[in-house]
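Below: the structure, in structure tokens.
Protein chains: 2
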Amino acid sequence: MQTVDKALSLLSYFSEQRPSVGLSELARLSGFNKATTRRFLVALEKHGIVEQDATTRSYRLGAGLLRLARVREATNPVAAIVQPVLNDLVSVTGETAHFSLYAGGSLATVGLSESAKSSRVMLGKGEAIPLHATASGLAYLAFARPAITDRVLSKALPAFTEHTVTGADKIRRQLSSVRKQGVAVARNTFEDGVCGIAAPVFDSDGFACGTVAIAAPAARAQRKVIASVQPEVMRAANEISLAMGAEPRSG
Amino acid sequence: MQTVDKALSLLSYFSEQRPSVGLSELARLSGFNKATTRRFLVALEKHGIVEQDATTRSYRLGAGLLRLARVREATNPVAAIVQPVLNDLVSVTGETAHFSLYAGGSLATVGLSESAKSSRVMLGKGEAIPLHATASGLAYLAFARPAITDRVLSKALPAFTEHTVTGADKIRRQLSSVRKQGVAVARNTFEDGVCGIAAPVFDSDGFACGTVAIAAPAARAQRKVIASVQPEVMRAANEISLAMGAEPRSG
DNA sequence: AATCATCGGTTCATTAAATGAACCGATAAG
DNA sequence: CTTATCGGTTCATTTAATGAACCGATGATT
Numbered sequence: 002m003q004t005v006d007k008a009l010s011l012l013s014y015f016s017e018q019r020p021s022v023g024l025s026e027l028a029r030l031s032g033f034n035k036a037t038t039r040r041f042l043v044a045l046e047k048h049g050i051v052e053q054d055a056t057t058r059s060y061r062l063g064a065g066l067l068r069l070a071r072v073r074e075a076t077n078p079v080a081a082i083v084q085p086v087l088n089d090l091v092s093v094t095g096e097t098a099h100f101s102l103y104a105g106g107s108l109a110t111v112g113l114s115e116s117a118k119s120s121r122v123m124l125g126k127g128e129a130i131p132l133h134a135t136a137s138g139l140a141y142l143a144f145a146r147p148a149i150t151d152r153v154l155s156k157a158l159p160a161f162t163e164h165t166v167t168g169a170d171k172i173r174r175q176l177s178s179v180r181k182q183g184v185a186v187a188r189n190t191f192e193d194g195v196c197g198i199a200a201p202v203f204d205s206d207g208f209a210c211g212t213v214a215i216a217a218p219a220a221r222a223q224r225k226v227i228a229s230v231q232p233e234v235m236r237a238a239n240e241i242s243l244a245m246g247a248e249p250r251s252g
Numbered sequence: 002m003q004t005v006d007k008a009l010s011l012l013s014y015f016s017e018q019r020p021s022v023g024l025s026e027l028a029r030l031s032g033f034n035k036a037t038t039r040r041f042l043v044a045l046e047k048h049g050i051v052e053q054d055a056t057t058r059s060y061r062l063g064a065g066l067l068r069l070a071r072v073r074e075a076t077n078p079v080a081a082i083v084q085p086v087l088n089d090l091v092s093v094t095g096e097t098a099h100f101s102l103y104a105g106g107s108l109a110t111v112g113l114s115e116s117a118k119s120s121r122v123m124l125g126k127g128e129a130i131p132l133h134a135t136a137s138g139l140a141y142l143a144f145a146r147p148a149i150t151d152r153v154l155s156k157a158l159p160a161f162t163e164h165t166v167t168g169a170d171k172i173r174r175q176l177s178s179v180r181k182q183g184v185a186v187a188r189n190t191f192e193d194g195v196c197g198i199a200a201p202v203f204d205s206d207g208f209a210c211g212t213v214a215i216a217a218p219a220a221r222a223q224r225k226v227i228a229s230v231q232p233e234v235m236r237a238a239n240e241i242s243l244a245m246g247a248e249p250r251s252g
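Chains G and C, in that order, give the protein sequences. Per the working numbering, the first sequence starts with residue 2, numbered consecutively. Per the working numbering, the second sequence starts with residue 2, numbered consecutively.
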């Protein structure tokens, strides 16, 4: 069913970095003939999957996707999968766990399970998480689409504590290490006394779309504790990735 | 581009009432040959648009839609359209305005603009709104997919105030009137002292997906005030409907 | 002002893909 | 045991898709 395949493959050229694209450019990107590309776009537009801007004539993802995503969410909510995974993670590690999605230049916590301990890290849903200064942020940037990482690191990076790394070069080295290890650890970089351990969450496009993390008081986060928590965070992130439509990981 | 058209038309058979569907049933519903339907589903699945349940072998909408919806939202947020519309509505009417989407058996407020008046109705984002006892609920049910309305009205309907209508037959007559007028008014039915005026919001499937409403202290909601507010609420609902992918209304 | 490049969009002879009746094994109901 | 229906597959036949060449419009360059 090659024709449907080709038409749907056009959707992968839309991203947060490329929210809209003209007909000729999309034909070039996809390698399809301009006439063929236009026919695909007309068919996608008919079903609300894309829409054409009346002024610029360029195409963007359409509002019909919102409805389909709402039906999907209503009947198969990500939360239904995420919440048990986060609860498990809290049971196993004893610390607060959260799941965040990238949107509009930062991560936003959309799933949360809190530790039962009286001394625990408090997080709020919807809070924006700075990317360069948190374990979640670093875990995301290490596996995000490179254009996003480049853009974040090209801006001025504020310090939140005296331990915050603000140099782009040094952060890039940290990201390289995170990629190798598959997990990010950040201690006292956003808030004194807090240690975060985070792994990236992927969806169907192969790049990170969010993270799973636990947050612990730094006093409890000794090296051997961190070593035992890391695989649990990675397991949880992988499980949520599958729910987000990622391909199963080998190994 | 008939083939792409047909493939995408399969997506309209998924709904909150029919979250999953088998191959043969989908072929019957769509009128396509079973072999053809399967080829379409395989192509849609490849791009994450649908996915097949490993146990039941039935198909449902896929996680890939969530990613596309997130890209769409990140770059063209509904809130960017909704918020100015709600702010306008507050300017014109002087009362708190809110936009709600239907999900999981109730409406949830997802957009809000509050009146500047010290005596005003307070609403919270994310609050579940009962369907039979509010203007928003009635505006939604009047234009929702009939299976939803039937299901809501087949359940026991609790009273919130002494003015709450709880009889299904009486509510159906109210809904009939709402359909004629295009707007619902509810006074003291959910909370004493509060009057709501609501209109349905549509998306691309032709049925209501949510509502726009204003909420005013009942003491300010005299008949002539209500008469002047109704067209403003309908105008706002229509504008948001277009952003949600509805076809433009004639007239 | 004229020229050039590229845009979105269209056409129709040519090429390729889609189609669906018939068939299969598996499973559940009677 | 029989029947009905499921998901899935095949290949001769039918139908749709394709893309080079073309169009008018627009913006940049000379």
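Where a beta carbon is used, it is the ideal one built from N, C-alpha and C, also for glycine.
What PHE15 of chain G touches in chain C, judged by beta-carbon distance under 9 Å, is LEU69, VAL72, ARG73, THR76, going in chain order. When secondary structure is reduced to three states using DSSP, VAL186 of chain G falls in the strand class. The closest CA to that of PRO159 of chain G, considering only G:ASP151, G:GLY168, G:LEU12, is found on G:GLY168. Proximity of the segment 33–44 of chain G to the segment 168–184 of chain C falls short of the contact definition, fewer than three beta-carbon pairs being nearer than 8 Å. PHE208 of chain C and THR94 of chain G have their C-alpha atoms roughly 46 Å apart. At least 9 Å separates the beta-carbon of ALA80 of chain C from that of PRO20 of chain G. For VAL43 of chain C, the enclosing alpha helix (DSSP H) stretches over residues 35–47.
Less than 9 Å divides the Cβ of SER107 of chain C from the Cβ of ALA129 of chain C.
One Cα belongs to ALA228 of chain C, the other to SER137 of chain C, and the distance between them is close to 17 Å. Look at the segment 43–66 of chain C: the residues with a C-beta under 9 Å from a C-beta of chain G are VAL43, ALA44, LEU45, LYS47, HIS48, GLY49, ILE50, GLU52, ARG61, LEU62, GLY63, ALA64, GLY65, LEU66. Burial is judged here by how many other beta carbons sit within 10 angstroms of a residue's own beta carbon; THR57 of chain C has fewer than 16 and is exposed. Just so you know, the alpha carbons of ALA148 of chain C and LEU132 of chain C end up roughly 14 Å apart. Judged by beta-carbon spacing, ALA199 of chain G lies within the 9 Å limit of ALA187 of chain G, meaning their Cβ atoms are closer than that value. Sequence-distant Cβ neighbours of ALA237 of chain G in its own chain, meaning closer than 6 Å and more than five residues away, are VAL86, LEU90, VAL213. At least 9 Å separates the beta-carbon of ALA140 of chain C from that of ILE215 of chain C.
Boundaries of the beta strand (DSSP E) around GLY112 of chain G: 107–114. If you look at GLY138 of chain G, you'll find it in the alpha helix (DSSP H) that goes 136–144. For MET235 of chain C, there are no neighbours in chain G by C-beta distance under 9 Å, as the nearest C-beta there is about 20 Å away. Within chain G, the residues placing a beta-carbon under 9 Å from that of ARG40 of chain C are MET2, VAL5, ordered along the chain.
As the crow flies, the alpha-carbon of ILE50 of chain G is around 7 Å from that of ALA64 of chain G. Listed by position along chain G, the residues whose Cβ is nearer than 9 Å to that of GLY207 of chain C form an empty set, because the closest Cβ is around 11 Å away. Chain order gives no chain C residues near ALA143 of chain G, where near means a beta carbon separation below 8 Å; the closest approach is about 19 Å.
A Cβ of chain C is located within less than 9 Å of the beta carbon of CYS210 of chain G.
VAL72 of chain G is positioned such that its CB atom lies no closer than 9 Å to that of GLU52 of chain C. Look at the segment 154–233 of chain G and you find these whole runs of beta strand (DSSP E), each 3 residues long or longer: 185–188, 195–203, 209–218. In this structure, MET235 of chain C lies away from SER205 of chain C, with their beta-carbon atoms at least 9 Å apart. The beta carbon of ASP204 of chain C sits closer than 9 Å to some beta carbon of chain G. Rounded to the nearest angstrom, the Cβ distance from ILE241 of chain C to VAL179 of chain C is 18 Å, too far for a contact under 8 Å. By the CB criterion at 9 Å, GLN84 of chain G and SER116 of chain G fall outside the cutoff. Residue state for ALA104 of chain G is assigned as strand, using DSSP reduced to three classes.
Looking only at G:PHE100, G:ARG61, G:PRO78, G:ARG68, the smallest Cα-Cα distance to ASN239 of chain G is reached by G:PHE100. The Cβ-Cβ distance between THR190 of chain G and HIS164 of chain G falls below 9 Å. Interface flag for SER92 of chain G against chain C is unset, since no Cβ pair is found closer than 9 Å. Assignment of beta-bridge partners to LEU62 of chain C by DSSP yields C:VAL51.
Proximity of chain C to PRO131 of chain G at the Cβ level (cut-off 9 Å) is not reached, the minimal Cβ distance being about 18 Å.
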